[in-house]
Structure formats: C-alpha cells, structure tokens
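Count the sequence shown with the numbering used here and you get residues 1400 to 1548, in order.
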Amino acid sequence: MDEQPIRRAQPGYRWEAVDVLAYKTEGAAPFKDVTRQCLFRADDLGCELRYFEVAAEGHSTLERHEHAHAVMVLRGRGACLVGERVQAIGPQDLIHIPAWTWHQFRANSAEPLGFLCMVNAARDRPQLPSDAELAALRRNPMIAAFIRS
Ligand code: MN
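If you want it as structure tokens, here you go:
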C-alpha cells in the first residue's frame, strides 16, 4: 500500500485504491458468490483487515484454522456457524471465531452480507472438513440444515 493516510469510502462498500478481489484464488474450497477487499495490511500491527461481501444466498467456505477471526458486520443480514452454534447476524454485530473452530457465513436471500474481518498477517491455511468431520457436524440437525459444502 502507498502512504496515503485516508482512503475515502466509495458508493457500494468500496474504498479508494482498493481492488475487489476473488474470495479465494487457490485450491478447491467450496464457496458461492463472495468477494474480498484488503483494506489494511500493516506490518507494524501484524494483522490484516479485509472486507468480505457474500451475495444474497451466497456462502463462505466451511473451514477451520489455527488463526482466529474478529468480524464485524457492516451490511445485510445472514447467519453464521461458529463451532456448535448457528446464529442470525446483522449490522454491527461482532463475531469472534477462535482458533480451530469450524465456521461458515451465509447471506439471507434479500441482500448481500458484508463484514470486516481481522486476521493475523502471517497465518496458516484453512482446513476443509473431511467426510468424517462433515458427518460429525451433521449429527447436529441445526448445523446439518445450515452448512453448505
Ligand atoms: Mn476462516
């Protein structure tokens, strides 16, 4: 990033000089209709702040990893799986995803779900559930009805 101290907000949850990127560019992780914008990558903080947007009826990847996430919803409504819980989420809600916790975000049918996500700059790669892990997750009926993989 350059040294410009302020990147002005643009219409449609965009920011000056910030590209809209594919959610994931490597591997075969399943997801549907998600974009990513990297807002800050600060070596002195050791973290990145990203903005993800899940289109209506879209979903992020069901995954887990050693690094944690701190999430704040900016727009829209949806639901998330964090560990054993599926809960509705909306604007300004804060979601903490601890290390090694299965998680997935889904947008409602009416509007995109947009959220900030803070992560370590240096982090491990996400793991996808094995068939056995998926089966274990699906033993909880609420989780079975929610997850997309
Ligand atoms: Mn994740």
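All C-beta atoms in this analysis are idealised placements derived from N, C-alpha and C, irrespective of residue type, glycine included.
- Judged by DSSP secondary structure, F1430 falls outside any beta strand (DSSP E); it is assigned neither H nor E.
- Cβ-Cβ separation between G1457 and K1431: approximately 4 Å, consistent with a contact (criterion under 8 Å).
- Of all alpha-carbon atoms in A1421, E1402, R1537 and P1525, the one lying nearest the alpha-carbon of H1468 is that of P1525.
- DSSP links L1480 through a beta bridge to V1485 and Q1503.
- By the CB criterion at 9 Å, L1473 and G1411 fall outside the cutoff.
- Here S1508 is near A1455, since their CB atoms are less than 9 Å apart.
- Those residues that have a beta carbon less than 7 Å away from any non-hydrogen atom of ligand 1 are, in order along the chain, E1462, H1464, H1468, I1496, H1502 and P1525.
- Put simply, of F1451, R1484 and R1440 the residue whose alpha carbon is nearest the alpha carbon of G1475 is F1451.
- Residue state for I1494 is assigned as strand, using DSSP reduced to three classes.
- With a threshold of 16 other beta carbon atoms within 10 Å, R1407 falls short and is exposed.
- Bounds of the alpha helix (DSSP H) holding A1535 are D1530 to R1537.
- For A1520, the secondary structure class from DSSP, reduced to helix, strand or coil, is coil.
- Here A1441 is actually not in contact with H1466; their C-beta atoms are around 16 Å apart, not less than 8 Å.
- If you ignore the 5 residues before and after R1505, its C-beta comes within less than 6 Å of the C-beta of H1458, G1477 and A1478, all in its own chain and listed in chain order.
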